[in-house]
Amino acid sequence: MSQKHATTLIKSLCARGAVLHARALFDEMPDRDVVAWTAMLSGYASSGRHREALDLFRSMAAAGVIPNEFTLSSVLTACRAGGGGGAASIHALALRRGVDHTPYVVNALINAYGSRGGGDGLVDARWLFDALGEGRTAASWTSMIAGYARWGQENTGLQLFQNMIQDDVELSPFICSIAIHACSLVGNLYFGQQIHALSMRIALGANLAVANSLVDLYCTCANILDARRLFDEMPERNLVTWNTIIAGYSRRDPLMAMQLLVNMDIEPNCLTLTSITSACAGLSALRCGQQVHGAVLRRNYGDDLKVSNALVDMYSKCGNILNAKKVFNMMTCKDILSWTSMIGGYGMNGYVNEAIKLFNSMVHAGVHPDHVVFLGLISACSHAGLVDEGWNLFRSMLFEYNIQPNKEIYGCVINLLARAGRLREAFILIDTMPLTPDESVWGALLGACKMHRNLELGRLAAGKIIEINPDAVEAYILLANICAADSKWGEYAVTRMLLKGTGSSKEVGMSWIELTDEMYSFSTADSSSPQVSLADEVLQILVQHMDETGSDFIDNICRGA
DNA sequence: CAGCGGGTTG
1 MSQKHATTLI KSLCARGAVL HARALFDEMP DRDVVAWTAM LSGYASSGRH REALDLFRSM
61 AAAGVIPNEF TLSSVLTACR AGGGGGAASI HALALRRGVD HTPYVVNALI NAYGSRGGGD
121 GLVDARWLFD ALGEGRTAAS WTSMIAGYAR WGQENTGLQL FQNMIQDDVE LSPFICSIAI
181 HACSLVGNLY FGQQIHALSM RIALGANLAV ANSLVDLYCT CANILDARRL FDEMPERNLV
241 TWNTIIAGYS RRDPLMAMQL LVNMDIEPNC LTLTSITSAC AGLSALRCGQ QVHGAVLRRN
301 YGDDLKVSNA LVDMYSKCGN ILNAKKVFNM MTCKDILSWT SMIGGYGMNG YVNEAIKLFN
361 SMVHAGVHPD HVVFLGLISA CSHAGLVDEG WNLFRSMLFE YNIQPNKEIY GCVINLLARA
421 GRLREAFILI DTMPLTPDES VWGALLGACK MHRNLELGRL AAGKIIEINP DAVEAYILLA
481 NICAADSKWG EYAVTRMLLK GTGSSKEVGM SWIELTDEMY SFSTADSSSP QVSLADEVLQ
541 ILVQHMDETG SDFIDNICRG A
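What follows is the structure, given as structure tokens:
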């Protein structure tokens with residue numbers, strides 16, 4: 001076999017994925033010129049075997065074969081995949097060989113620099129890109145824009161994409177999906193829609209990746225029904241399509257996410273199951289969640305970090321803390337989300353001490369807490385009435401960990417103080433917090449004022465809420481109730497009158513529970529089913545029993561209800 | 001006889 005023949009064969013074997021056979025043939029060749037080496041090298045690089053590609057490049061140098069521009073662009077592909085390290089030394093080599101200005105090498109360099117860890121090669125990439133001037137090809141634009149998108153500079157990338165359109169460069173489905181994804185990351189629905197229209201015009205809308213990124217755009221930046229319409233109209237769908245729409249629904253309409261799973265015509269993967277696990281968490285559907293857990297284990301996804309995190313969260317939200325703990329303890333590697341889910345799970349199920357203990361283990365394990373962890377901890381203390389513990393955690397968050405609290409945390413601390421009857425302190429905190437207190441913050445105070453029958457602060461809080469939102473029905477009702485409890489009948493009448501004046505009615509809050517495969521939903525004062533009155537009776541017995549045991553915690557709940 | 005780029009889902 002001639003050398004040319006063998007090289008052609010290597011190329012076609014690599015193209016069909018038989019890289020090992022190609023290598024065997026390569027090793028048997030008596031003479032190997034630069035073309036043969038490059039064919040083998042590029043076979044490795046384009047199949048993601050960058051380690052082997054770089055090793056081969058070293059052997060080639062050792063064999064004394066001089067690389068040309070074709071060789072170098074393939075090596076750069078391997079560098080890019082390995083985090084962009086080594087791009088500069090290949091650049092230097094290209095310079096020495098005098099091939100640093102050939103289009104393929106420059107584009108490969110832009111790509112490799114644009115992939116370098118942390119995005120610190122973007123400036124170098126841009127420099128090469130700008131130097132190309134009129135020599136820019138679609139590949140140059142795509143590499144540069146993808147580089148920006150890769151490192152969180154989506155807006156710069158989108159700006160460049162706009163220039164690309166103005167320059168009349170032909171658009172590929174690749175660049176369109178990159179740009180659409182960038183739009184959804186920065187929440188730029190408007191630009192995304194423009195690219196949508198553009199893609200339809202140049203017949204790229206039928207491309208699966210383009211359509212998938214559009215579904216994702218509408219899921220994250222628009223009404224989920226817009227995403228659904230697009231999804232329904234797609235003539236062809238793949239796993240990414242299903243995962244995108246299911247993930248979109250898992251947050252907003254978990255029941256629909258389940259429905260979609262049932263309608264799936266392909267095998268779900270671990271991403272699908274992660275979204276479905278969250279959907280179960282959102283529905284507090286324990287039995288469904290357990291079935292999903294079974295599906296996860298059967299498919300050997302049990303070691304996946306994100307699935308495990310979702311499972312811990314699901315079991316916690318379904319009240320099954322034992323299984324949450326089991327999953328958590330089985331995890332071989334944990335991230336901050338794992339700890340947060342477990343700590344929050346203990347908190348929301350009333351195991352404050354366990355939550356605090358686990359928080360200490362987390363810190364001991366070297367994981368730096370964030371504000372979500374503290375929110376879980378402080379809210380647990382608030383629900384358990386552990387005012388001092390909660391307050392100390394708040395202080396530790398501020399002074400030990402230098403975490404700036406957000407509104408949610410302030411609301412939580414205000415709840416903590418106010419529910420415990422420390423209304424004055426709660427008010428002072430609202431008054432001195434560096435953020436503008438919103439409806440929910442004042443609402444926490446107002447609710448506690450009702451619980452503790454404090455008319456003076458209740459009036460003030462209700463006034464603030466109505467100032468922010470004149471239609472805040474709850475505020476009128478709570479204030480009226482406080483007046484009534486204090487026998488201020490004149491003020492009571494006025495407040496009720498103002499309530500009528502808002503013209504709005506309170507939306508009925510619904511709750512649901514899953515019992516032996518059936519979902520039941522109900523509201524307070526619901527008498528539509530016989531089970532409700534039975535549940536009411538049981539509740540009365542429980543309350544009586546708890547009264548007899550005399551727990552402050554339970555007392556607070558009953559008075560707050 | 002060879003070469004670059006680039007995609008969507010948690």
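Numbering-wise, the first sequence is residues 1 to 561 according to full-length UniProt numbering.
Note that beta-carbon positions come from the ideal geometry of N, C-alpha and C, so glycine has one too.
(request) Taking all protein chains shown into account, decide if CYS483 is buried (16 or more other Cβ within 10 angstroms of its Cβ) or exposed. (result) buried
(request) Apply the 10 Å Cβ neighbour rule to HIS364 and answer buried if 16 or more other Cβ atoms are within range, or exposed otherwise. (result) exposed
(request) Between the Cα of GLU267 and those of ALA281, GLU354, ARG237, LEU460, spot the shortest distance and give me the residue it belongs to. (result) ARG237
(request) Tell me whether TRP339 is buried or exposed, calling it buried when 16 or more other Cβ atoms sit within 10 Å of its Cβ. (result) buried
(message) Suppose you measure from the CA of MET250 to the CA of THR7; what does that come to, to the nearest Å?
(response) Looking at the sequence shown, residue 250 is not Met but Ser. Cα-Cα distance, rounded: 51 Å.
(request) Taking GLY294 and THR277 to be in contact with their CB atoms under 8 Å, please state how far apart those CB atoms are, rounded to whole angstroms. (result) In fact, because the Cβ distance is near 12 Å, the residues do not count as touching under 8 Å.
(request) Indicate the three-state DSSP secondary structure (helix, strand or coil) for ILE10 in the structure shown. (result) helix
(message) Three Cβ pairs or more, each shorter than 8 Å: is that satisfied between the stretch 173-188 and the stretch 211-218?
(response) yes
(request) Specify the secondary structure class of LEU386 as computed by DSSP and reduced to three states. (result) coil
(message) At the level of alpha carbons, what is the spacing between MET256 and GLU233?
(response) 18 Å
(message) Just to confirm before moving on: does the CB-CB distance between PRO103 and GLY135 stay below 9 Å?
(response) yes
(request) Determine the contact status of TRP442 and ILE409, defining contact as a CB-CB distance below 9 Å. (result) no
(request) Using the Cα positions of LYS306 and ARG299, report the straight-line distance between them to the nearest angstrom. (result) 15 Å
(message) Could you compute how far the alpha carbon of ALA61 sits from the alpha carbon of GLY157?
(response) 37 Å
(request) Kindly examine the ligand HEM and report whether one of its heavy atoms sits closer than 8 Å to the Cβ of ALA484. (result) The ligand HEM is not part of this structure, which contains no ligands at all.
(request) Using alpha carbons as the reference points, say which of GLU400, LEU286, LEU271 lies closest to ASP304. (result) LEU271
(message) Quick check on the DSSP output: the alpha helix (DSSP H) that includes PRO173 runs from which residue to which?
(response) 173-186
(request) Ignore the nearest five residues each way along the sequence and tell me which others in LEU457's own chain have a CB closer than 7 Å to its CB. (result) LEU423, PHE427, LEU445, CYS449
(message) Using a Cβ distance threshold of 8 Å, determine whether the stretch 159-168 contacts the stretch 199-206, with at least three qualifying pairs required.
(response) no
(message) Rounded to the nearest angstrom, what separates SER379 and LEU386 at their Cα positions?
(response) 10 Å
(message) Would LEU122 and LEU109 be called neighbours here (beta carbons separated by less than 9 Å)?
(response) no
(request) Starting from CYS333, trace the alpha helix (DSSP H) both ways and give me its first and last residue. (result) Premise fails: CYS333 is in no alpha helix (DSSP H) and is neither H nor E.
(request) Alpha carbon to alpha carbon, how far is TRP151 from ALA131? Give it in angstroms, no decimals. (result) 22 Å
(message) Given this structure, state the Cα-to-Cα distance separating ASN392 from ASP431, to the nearest angstrom.
(response) 20 Å
(request) Measure the alpha-carbon distance for LYS317 versus PHE57 and round it to whole angstroms. (result) 54 Å
(message) Are the CB atoms of VAL367 and ILE336 within a distance shorter than 9 Å?
(response) yes
(request) Measure the Cβ-Cβ separation of ASN107 and SER73 and say whether it is below 9 Å. (result) yes
(request) Might you give, ordered along the chain, the residues of its own chain that have their beta carbon closer than 7 Å to the beta carbon of SER143, omitting 5 neighbours on each side? (result) ASN107, ILE110, ASN111, GLY114
(message) Taking the beta carbon of VAL19 as the centre, do at least 16 other beta carbons fall within 10 Å, making it buried, or is it exposed?
(response) buried
(request) Using the Cα positions of ASN469 and ILE321, report the straight-line distance between them to the nearest angstrom. (result) 39 Å
(request) Alpha carbon to alpha carbon, how far is ASN360 from LEU416? Give it in angstroms, no decimals. (result) 21 Å
(message) By alpha-carbon positions, which one of GLY48, VAL34, GLN3, LYS4 ends up nearest to ALA15?
(response) GLY48
(message) If I measure Cβ to Cβ from LEU498 and keep anything under 7 Å in the same chain, skipping five residues before and after, which residues do I get?
(response) TYR476
(request) Give the secondary structure of residue 564 by DSSP, where H, G and I count as helix, E and B as strand, and everything else as coil. (result) Residue 564 falls outside the range modelled here, since the chain spans only 1 to 561, and no answer is possible.
(request) Check each candidate in MET1, SER440, ILE175 and name the one with the smallest Cα separation from CYS412. (result) SER440
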